[in-house]
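S.K.: Questions regarding the structure given below will be posed in turn.
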Amino acid sequence: MTAEPETQEHGARDRGAVSYQAGLSAELRIAQDYERRGYPIACQRWRGRAGEIDLIVRDGDGLIFVEVKKSRTFDRAAERLSRAQMRRIYASAEEYLSTQPLGQLTDVRFDVALVDGQGALRMIENAFGHF
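Have a look at this one:
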């Protein structure tokens, strides 16, 4: 029996699976960092009609919506966040807030957490105002 030759599609699928696992690992590291700093995780990979929010973190009575980006460098990771993606995150956050007791009156913040190729972390608090 001979091995099946690797097709371009098969290689892309493998790279996609590796990227997916790397993203999950980055999200776990970021969640652990928030917890270490005293912020409990409310939800991971919350999915609404508008899209997914990587992490939702409690900050007292408020919430922090966190987008995690991983790439070889911090700059490349930051470049991967588009305006369209920010709009989807805002829309998803609004949907999530509709499930909360204070709804739209809940204090919120949007952070971006960057992970580089060596696994180093960089947090940008209130990040959407910086982009």
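Just so you know, we're using the working numbering here: the sequence shown kicks off at 923 and counts up by one. Just so it is clear, CB atoms sit at the ideal spot from N, CA and C, and this is done for glycine as well.
Among Leu946, Gln954, Tyr942, Ala939, which residue has its Cα nearest to the Cα of methionine 1045?
M.R.: The residue with the shortest Cα to Cα distance from methionine 1045 is Gln954.
S.K.: Answer yes if the stretch 1031-1038 comes into contact with the stretch 948-962, meaning at least three C-beta pairs across the two stretches below 8 Å, and no otherwise.
M.R.: Short answer: they touch.
S.K.: In three-state DSSP terms, what is glutamate 1001?
M.R.: Of the three classes helix, strand and coil, the one that applies to glutamate 1001 here is helix, per DSSP.
S.K.: Can you round the beta-carbon distance between alanine 964 and leucine 985 to whole angstroms, since I take them to be within the 8 Å contact cut?
M.R.: 7 Å between Cβ atoms; contact.
S.K.: For arginine 967, collect the residues of the same chain with a Cβ closer than 7 Å to its Cβ; drop the 5 residues on either side in sequence, then sort them by chain order.
M.R.: These residues qualify, in order along the chain: Glu974, Asp976.
S.K.: At 3 residues or longer, what runs of the beta strand (DSSP E) sit wholly inside the stretch 1010-1046?
M.R.: Qualifying beta strand (DSSP E) stretches, in chain order: 1030-1037, 1043-1046.
S.K.: For arginine 969, name the three-state secondary structure that DSSP assigns.
M.R.: Arginine 969: strand per DSSP, three-state reduction.
S.K.: Whose C-alpha, out of Arg980, Lys992, Gln1040, Arg969, is nearest the C-alpha of arginine 958?
M.R.: The option with the nearest alpha carbon to arginine 958 is Arg980.
S.K.: For a test of the three-state rule: what should DSSP assign to aspartate 983, helix, strand or coil?
M.R.: DSSP places aspartate 983 in coil when its eight states are reduced to three.
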